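Number of protein chains: 2
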Amino acid sequence: MLNQSGQLDSLYQALAEPARRIMVERLTRGPASVSELAKPLDMSLSAVMQHLQVLEASGLVRTEKTGRVRTCRIEPSALRMAEEWLSAQRGMWEKRLDRLGDYLAKTGDDTG
Amino acid sequence: MLNQSGQLDSLYQALAEPARRIMVERLTRGPASVSELAKPLDMSLSAVMQHLQVLEASGLVRTEKTGRVRTCRIEPSALRMAEEWLSAQRGMWEKRLDRLGDYLAKTGDDTG
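Below you can see the structure in the form of structure tokens.
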């Protein structure tokens, strides 16, 4: 199992490619077969499978094969992890702005 | 200027590296010089500069040189853009769960 930093590496790496983001966008609307995922993408099925492997390795997508059909599903906890790191950074930034605002208000009181 | 998909590529690519995330975490707490950014990182200054260039190219960080000191600042709009794509995906996913819940409730009404 990857540690948290390693998992963030592979999550953001997986998302840093337009075709893989299109696949994720499709899967947030519900499960899909590989050929459904491939439909909007202008690439070979083997290229799609390679992107799918990157998504699976990152934990963003799970796949399951029944007979000849591989069904792909989004893994919401992985999406959430990628979002949470970013919202934590925004939180830090906003806290800093608040402190700055407080400081400026206080300075205004002192001098005004 | 990068189009939105190209910018998301380079944002997530920039974030897919632990040292760059540490630099972003530091900068959300306020501006810093390159040597301040380098302090917690176990790497050469030239490696730090390379990571900084990736962050700058992605739009996540702006730098400004005054005399011999380069000051680095976070660019909150870029952080927000990376977060928004992810929260849009979560939104789609949650909407789907709601629809599924409605459907199951309706089916329960019909048969119960």
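For the record, the sequence lines run as chains E and C.
Position one of the first sequence corresponds to residue 0 (numbering that gives the first Met the number 0), numbered consecutively onward.
Position one of the second sequence corresponds to residue 0 (numbering that gives the first Met the number 0), numbered consecutively onward.
Beta carbons: idealized from backbone N, C-alpha and C, even for Gly.
Bear in mind that the values here come from a model prediction, so they are computed numbers and not experimental data.
Helix, strand or coil, according to DSSP, for E74 (chain C) in the structure here? Taking the first residue of the second sequence as 1, we reach residue 74 (chain C) at position 75. Correct three-state label for E74 (chain C): coil.
Does the Cβ-Cβ distance between S43 (chain E) and R69 (chain E) come in under 8 Å? For the purposes of this step, residue 43 (chain E) is taken as the residue at position 44 of the first sequence. For the purposes of this step, residue 69 (chain E) is taken as the residue at position 70 of the first sequence. Their beta carbons are not under 8 Å apart, which means S43 (chain E) does not touch R69 (chain E) by this criterion.
Can you tell me the Cβ-Cβ gap for D8 (chain C) and E82 (chain E), rounded? I've got them flagged as a contact below 8 Å. Here residue 8 (chain C) refers to the residue found at position 9 when the second sequence is read from its first residue. Here residue 82 (chain E) refers to the residue found at position 83 when the first sequence is read from its first residue. With 8 Å as the limit, D8 (chain C) and E82 (chain E) do not qualify as a contact, their Cβ atoms being about 18 Å apart.
For A104 (chain C) and S57 (chain E), the rounded distance between their alpha carbons: Here residue 57 (chain E) refers to the residue found at position 58 when the first sequence is read from its first residue. Here residue 104 (chain C) refers to the residue found at position 105 when the second sequence is read from its first residue. So the two alpha carbons sit approximately 34 Å from each other.
Using a Cβ-Cβ distance cut-off of 8 Å, determine whether T106 (chain C) contacts chain E. To locate residue 106 (chain C), count along the second sequence from 1; it is residue 107. Output row for T106 (chain C): interface = no.
If L78 (chain C) sits next to L59 (chain C), beta carbons under 8 Å apart, how far is it from one beta carbon to the other, in whole angstroms? Within the second sequence, the letter at position 79 stands for residue 78 (chain C). Within the second sequence, the letter at position 60 stands for residue 59 (chain C). At roughly 7 Å, the Cβ-Cβ gap stays under 8 Å, so L78 (chain C) and L59 (chain C) are in contact.
Can you round the beta-carbon distance between V53 (chain C) and A13 (chain C) to whole angstroms, since I take them to be within the 8 Å contact cut? To locate residue 53 (chain C), count along the second sequence from 1; it is residue 54. To locate residue 13 (chain C), count along the second sequence from 1; it is residue 14. Contact holds; Cβ gap of about 5 Å.
Please go through the same chain and pick out, in chain order, the residues whose beta-carbon is closer than 7 Å to the beta-carbon of V47 (chain E), but skip the five residues on each side of it. Within the first sequence, the letter at position 48 stands for residue 47 (chain E). Cβ neighbours of V47 (chain E) beyond the five flanking positions: V33, L36, A37, L40.
What three-state label does DSSP hand R79 (chain C) in the structure shown? Sequence index remark: in the second sequence, residue 79 (chain C) carries index 80 (1-based). DSSP places R79 (chain C) in helix when its eight states are reduced to three.
So which residues of chain B does M91 (chain E) contact, with C-beta pairs closer than 7 Å? Absent here is chain B; the protein component of the structure consists of chains E and C.
Opposite K64 (chain E) in the DSSP bridges: which residues? Here the question's residue 64 (chain E) lines up with position 65 in the first sequence. Partner(s): E:R69.
Residues near H50 (chain C) by beta carbon distance below 6 Å, same chain, minus five either side: As a first step, residue 50 (chain C) must be located in the second sequence, where it is residue number 51. The residues are A18, R19.
Whose CA, out of E:E24, E:R95, E:K64, lies closest to the CA of R89 (chain C)? For this step, residue 89 (chain C) is matched to residue 90 along the second sequence. Of the listed residues, the one whose Cα sits closest to R89 (chain C) is E:E24.
Compare the C-alpha of S76 (chain E) against each of C:G66, C:R67, C:E93 and name the closest. As a position in the first sequence, residue 76 (chain E) is number 77, starting the count at 1. If we check each option's Cα against that of S76 (chain E), C:E93 comes out closest.
Can you name the start and end residues of the alpha helix (DSSP H) that R25 (chain C) belongs to? Translated into the one-based positions of the second sequence, residue 25 (chain C) becomes position 26. Its alpha helix (DSSP H) spans residues 17-26.
Express the C-alpha separation of I21 (chain C) and G111 (chain E) in angstroms, rounding to a whole number. Looking up residue 111 (chain E) in the first sequence gives position 112. Looking up residue 21 (chain C) in the second sequence gives position 22. Confidence in G111 (chain E) is poor, its pLDDT being 47 and thus under 50, which makes the residue's placement unreliable; the coordinate value appears in the next sentence. Their backbone Cα atoms lie some 40 Å apart in a straight line.
Using the rule of at least 16 other Cβ atoms within 10 Å of the residue's Cβ for burial, across every protein chain shown, is Y11 (chain C) buried or exposed? By 1-based counting over the second sequence, the position of residue 11 (chain C) is 12. Label assigned to Y11 (chain C): buried.
Could you tell me the boundaries of the alpha helix (DSSP H) in which L45 (chain E) lies? Translated into the one-based positions of the first sequence, residue 45 (chain E) becomes position 46. As written in the sequence, residue 45 (chain E) is Ser, which differs from the Leu given in the question. Taken as a continuous stretch (DSSP letters only), the alpha helix (DSSP H) holding S45 (chain E) covers 44-57.
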